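Below is one structure; the comments refer to it alone.
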């Protein structure tokens, strides 16, 4: 390391509030996002538990919740999706870990726009509180699903949650978009402008590459969603007619709108919604690539191909939104383009899968908890991904659209795979964040329950969809062929209850290790990237005004002729 | 742990394969002209994708074998030839599969229904399906839901009482269809988006307010087939059920006659 002028304040703020709450330090902001997501994940998981129990025992009166009515079910469903997609999958991998480790892996001590960054968190928190407030207004939380298709979402008369609850939802998501856009500008600028000397783009760890590409996706996608929710808010409250056509009757009363198009919303929403899937999963891919290399003690196989495929997935992600709309009434000619482009995404995804396996092949693998979760990610990514080329075909999607098959597909590839990457990353970076190790035994036990549980819940769900079970049904008794599937639904509920209970192990491990875990050395995993040159936990000042000089690529593992089997990125050339 | 993880990957993959082979629930028998081609494509999909799924897990398990070789570890930074071969192979497989699927889509969407197709207008209303037949004159009467809809007075769709074309229109809550003839549906909605899903016909189409969407299929077997709603439309979404009753041509004519007499 050589001494370079500091680019940020290195003075430790004395007051606790300034240091841990109203801080502009990227590490504090990252942790704040992490804990916000944890709160959202717990809420979202509770809602899924309530839904699963209600499907099997519809008349059961639960403590605190009473009997769940159809409108409650739809509200839980909408809020579960919103919390998990926005506040968990978009926040932890990107805003949580990204904020904490992007600067450190690039060898700098601060982001480009620290104040904007902190503002992003506070706006996200406000957005979260506004969203939760929807539960407590007359009519309750919205029941139109996280996709909020109008006219159902545009007209207060169309259902119990469609009144103030939906307005709050729209305001919340509008705020979230604002936070996401500010955050992504910060990520992009930091990556392009603030790298340590010698840290060329092609020496960046793949985690940094995925955070960078995800930030570009966020910037473009959330801007469009912001516009869409604003238009819907105007339709609802200012008498505009973007999404509601003429001649409707809802609940026996004529609707005074004319000229809007419900399909316009779907185009705008999915123009955001499909890139959103990649916003959720790309950082997970980066973490998996990174961790497999570290624990196989081998370089990432095909680093350039990995970078190229991330960029390709990000780019193609913007060209496929119409595959959510094959039965929407969209011109059937459009399906040709959307189907082919969607199939094209399978190619860079297959490159990544191939390279993950090739990275592992012949390695001196260390079977730690982060490695287990990373292998779990690869397995779930394969299983969830392989139904993609099937759903990409309009002729087959017509049958499977809006059935449990789709629910199974995206839960495996986005939710479960995404979560596995988060668990892997949590175990991996915990020592750097808190200066203590997480317990391996508990970690391994948690992995086994979650891995088997994920398969036990979501693989049978494909069968429900193939038998024609539509999604978003609050009760199974309305349609006879659906009612006949109750035994399989019961199995899924039992698997879900067990798997969710297993997550308590993670929580116990996390909070116990925070205070009582074994003290962590500065580089417990023998990892070559720059954050591990710092002591554990990371000191407030980061690199303390010094800039490391990078001489090596990020994945120099298995090197011979040295004491250690790896080369730190800032080791002498 | 290494052995346990490899075993687990293989066992999980085998269990998934067994579940699919045993399939406690499955597709209902296909009873429309298009269902054979769709089911065939599904079968190809399951063999290709199921094969890839098992192979990938087997390869993953092999890759997790700890290298026992002493000396120089296999420290590869990549191999462009292998990468390119794999990429081309998977691209050829998926795009070939995609082309086959697109052909079926063309048949479904771009072949016009036969000229003797039954015309049925389908209207989704929270939480009920209505099916309208044009009656003996073959012309649908004018509808204005906002002005004329009176569900309690037997006019849920809002047929214009002043329009003589609509006098003989038949409105049913059962989709009665003659076997072996194309049916040309016009889908509409009075309030929010619904989706007409007839699993046995391999048919699904959204009914979008403000749009009239055409879709057609041909039932090839008599019987009663359930219809569900596949697009979240509000609290009664789960019970927005109807039945497609496929009958012989004579029975269909008798049914139409009986409904005309009622008018």
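Residue numbers (the numbering used here), protein chains in the order written: chain A, 669 to 1241; chain B, 12 to 274. Each residue gets a CB set at the ideal place from its N, CA and C atoms; glycine is no exception. What you are looking at is a predicted structure, and each value in this text was computed from that prediction instead of being measured.
CB contact check: residue i to chain A, cutoff 8 Å
{"i": "residue 120 (chain B)", "result": "yes"}
{"i": "residue 220 (chain B)", "result": "yes"}
{"i": "residue 125 (chain B)", "result": "no"}
{"i": "residue 141 (chain B)", "result": "no"}
{"i": "residue 89 (chain B)", "result": "yes"}
{"i": "residue 109 (chain B)", "result": "yes"}
{"i": "residue 43 (chain B)", "result": "no"}
{"i": "residue 215 (chain B)", "result": "yes"}
{"i": "residue 248 (chain B)", "result": "yes"}
{"i": "residue 261 (chain B)", "result": "no"}
{"i": "residue 181 (chain B)", "result": "no"}
Length of the line joining the Cα atoms of residue i and residue j
{"i": "residue 248 (chain B)", "j": "residue 208 (chain B)", "result": "12 Å"}
{"i": "residue 28 (chain B)", "j": "residue 906 (chain A)", "result": "54 Å"}
{"i": "residue 15 (chain B)", "j": "residue 964 (chain A)", "result": "17 Å"}
{"i": "residue 160 (chain B)", "j": "residue 107 (chain B)", "result": "50 Å"}
{"i": "residue 945 (chain A)", "j": "residue 747 (chain A)", "result": "17 Å"}
{"i": "residue 813 (chain A)", "j": "residue 1083 (chain A)", "result": "17 Å"}
{"i": "residue 675 (chain A)", "j": "residue 770 (chain A)", "result": "Residue confidence is low: residue 675 (chain A) scores 46 on pLDDT, short of 50, so the model does not pin down where it sits. No coordinate-derived value is stated."}
{"i": "residue 1067 (chain A)", "j": "residue 1137 (chain A)", "result": "10 Å"}
{"i": "residue 1219 (chain A)", "j": "residue 865 (chain A)", "result": "9 Å"}
{"i": "residue 1151 (chain A)", "j": "residue 723 (chain A)", "result": "11 Å"}
{"i": "residue 740 (chain A)", "j": "residue 811 (chain A)", "result": "8 Å"}
{"i": "residue 708 (chain A)", "j": "residue 994 (chain A)", "result": "32 Å"}
{"i": "residue 180 (chain B)", "j": "residue 126 (chain B)", "result": "20 Å"}
{"i": "residue 992 (chain A)", "j": "residue 1065 (chain A)", "result": "9 Å"}
{"i": "residue 678 (chain A)", "j": "residue 1209 (chain A)", "result": "Here the model assigns residue 678 (chain A) a pLDDT of 48, short of 50, so the residue's position is not dependable and the matter cannot be decided."}
{"i": "residue 198 (chain B)", "j": "residue 1075 (chain A)", "result": "26 Å"}
Proximity test, Cβ basis, 8 Å: residue i and chain B
{"i": "residue 721 (chain A)", "result": "no"}
{"i": "residue 1192 (chain A)", "result": "no"}
{"i": "residue 835 (chain A)", "result": "no"}
{"i": "residue 1033 (chain A)", "result": "yes"}
{"i": "residue 1025 (chain A)", "result": "yes"}
{"i": "residue 1127 (chain A)", "result": "yes"}
{"i": "residue 685 (chain A)", "result": "no"}
{"i": "residue 871 (chain A)", "result": "no"}
{"i": "residue 1238 (chain A)", "result": "no"}
{"i": "residue 691 (chain A)", "result": "no"}
{"i": "residue 909 (chain A)", "result": "no"}
{"i": "residue 820 (chain A)", "result": "yes"}
{"i": "residue 761 (chain A)", "result": "no"}
Collapsed DSSP secondary structure at residue i in the structure displayed
{"i": "residue 725 (chain A)", "result": "coil"}
{"i": "residue 902 (chain A)", "result": "helix"}
{"i": "residue 673 (chain A)", "result": "With a pLDDT of 45 at residue 673 (chain A), under the threshold of 50, the modelled position of that residue is not reliable, and no figure is offered here."}
{"i": "residue 161 (chain B)", "result": "strand"}
{"i": "residue 166 (chain B)", "result": "strand"}
{"i": "residue 195 (chain B)", "result": "strand"}
{"i": "residue 924 (chain A)", "result": "coil"}
{"i": "residue 873 (chain A)", "result": "coil"}
{"i": "residue 1226 (chain A)", "result": "coil"}
{"i": "residue 777 (chain A)", "result": "coil"}
{"i": "residue 1194 (chain A)", "result": "coil"}
{"i": "residue 938 (chain A)", "result": "helix"}
{"i": "residue 678 (chain A)", "result": "Any reading at residue 678 (chain A) is ruled out, since the residue's pLDDT is 48, under 50, leaving its predicted position unreliable."}
{"i": "residue 256 (chain B)", "result": "strand"}
{"i": "residue 87 (chain B)", "result": "coil"}
{"i": "residue 1240 (chain A)", "result": "coil"}
Contacts that residue i makes with chain A (C-beta to C-beta distance below 7 Å)
{"i": "residue 134 (chain B)", "result": "Chain A residues near residue 134 (chain B): none, gap ~11 Å exceeds 7 Å."}
{"i": "residue 270 (chain B)", "result": "Near residue 270 (chain B) there are no residues of chain A at all, since even the closest Cβ is about 25 Å away, more than 7 Å."}
{"i": "residue 29 (chain B)", "result": "Correct list: empty, because the minimum Cβ distance to chain A is about 11 Å."}
Neighbour list for residue i in chain B, Cβ cutoff strictly below 8 Å
{"i": "residue 1055 (chain A)", "result": "60"}
{"i": "residue 945 (chain A)", "result": "By Cβ distance, chain B contributes nothing, its closest Cβ being about 18 Å from residue 945 (chain A), past 8 Å."}
Range covered by the alpha helix (DSSP H) that runs through residue i
{"i": "residue 773 (chain A)", "result": "765-774"}
{"i": "residue 247 (chain B)", "result": "Neither: residue 247 (chain B) is in no alpha helix (DSSP H) and is coded neither H nor E."}
{"i": "residue 214 (chain B)", "result": "Run containing residue 214 (chain B): none in the alpha helix (DSSP H); it sits in the beta strand (DSSP E), 214-218."}
Beta-carbon neighbours of residue i, restricted to chain B and to distances below 9 Å
{"i": "residue 913 (chain A)", "result": "219, 220, 221 and 222"}
Where residue i meets chain A, residues with beta-carbon distance less than 8 Å
{"i": "residue 240 (chain B)", "result": "1138"}
Unbroken beta strand (DSSP E) run spanning residue i, endpoints
{"i": "residue 41 (chain B)", "result": "Where residue 41 (chain B) is concerned, there is no enclosing beta strand (DSSP E), given that its DSSP letter is neither H nor E."}
{"i": "residue 803 (chain A)", "result": "Careful: residue 803 (chain A) lies outside any beta strand (DSSP E) and carries neither H nor E."}
Proximity test, Cβ basis, 8 Å: residue i and chain D
{"i": "residue 164 (chain B)", "result": "In the structure shown, chain D cannot be found, because the protein chains are A and B."}
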